[in-house]
Each structure stands twice: as structure tokens, then as C-alpha cells.
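**Q** Below is the structure I would like to discuss, written out as C-alpha cells.
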Amino acid sequence: MPALPSNSPTVTPSLQRTNGTLVEIKSLLEELTLVFQGTEDINSVKVLAESIEKARHAANAQIADLQTELQKCKTRLDEAKQNATPIEDEGAHQMRIHQ
1 MPALPSNSPT VTPSLQRTNG TLVEIKSLLE ELTLVFQGTE DINSVKVLAE
51 SIEKARHAAN AQIADLQTEL QKCKTRLDEA KQNATPIEDE GAHQMRIHQ
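Residue numbers (this note's numbering): 1 to 99.
Laid out in C-alpha cells, this is it:
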């Protein structure tokens with residue numbers, strides 16, 4: 001956008017400032033357009049997003065495996081407790097404690 005001639009009789013100081021601002025905005029938009037025309041950043045972000053997604057899937061799989069192993073350990077612990085502590089009635093328990 002070309003600047004209006006400042007010596008024009010219809011150009012007020014306010015209009016000159018507005019015109020100057022518009023010229024700056026146009027220049028900034030042109031620079032931003034050039035910056036965002038490149039696909040390097042887009043490709044980098046896509047690769048990073050794919051890596052994050054793969055890591056998330058791997059972490060979820062590992063968590064599922066650990067939950068399975070934890071459940072197995074809990075089952076084994078419950079079985080060991082049952083085998084180690086015979087069930088006794090309250091009277092026998094009291095006698096054993098007070099001996």
C-alpha cells in the first residue's frame with residue numbers, strides 16, 4: 001500500500017498516522033506470510049507429535065503389563081497368607097496369644 005503524499009491538501013495529520021500504521025501492518029503481514037509459508041516447522045511439529053503418540057502408546061502398554069503383574073503378585077500374596085495362617089476359632093486364638 002503506497003503512502004499518501006503528505007503534501008496533499010486533503011491529508012490530515014490523523015490520516016497520515018493512520019496511513020503510516022496501515023503501511024506498517026501490511027509490511028508485518030507480508031513478513032509473517034513469508035515466515036509461515038515454509039513447511040519446515042510444520043513437519044517438525046508433525047514428527048514431534050507422532051513421537052509423543054508412540055511414546056504414549058508404549059507407556060500405556062507398559063502400564064497395562066505392570067497392572068497385570070501387580071494383580072498376579074496380589075493373588076500370590078493372598079494365597080501365601082492363606083497357607084501361612086491357619087484359620088482358628090476365637091477361643092484358640094485367645095489361648096495362643098495369652099500363653
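Positions of the beta carbon are idealized from the N, C-alpha and C atoms, including for glycine.
May I ask which residues mark the beginning and end of the alpha helix (DSSP H) holding Q16?
**A** Taken as a continuous stretch (DSSP letters only), the alpha helix (DSSP H) holding Q16 covers P13 to Q37.
**Q** If I measure Cβ to Cβ from G91 and keep anything under 8 Å in the same chain, skipping five residues before and after, which residues do I get?
**A** Cβ within range, chain order: n/a, list empty.
**Q** State the DSSP-derived secondary structure class of I87, mapped to helix, strand or coil.
**A** Coil.
**Q** Do we get a CB-CB distance below 8 Å when we pair S51 with the residues of chain C?
**A** Among the chains in the structure shown there is no chain C, since it carries only a single protein chain.
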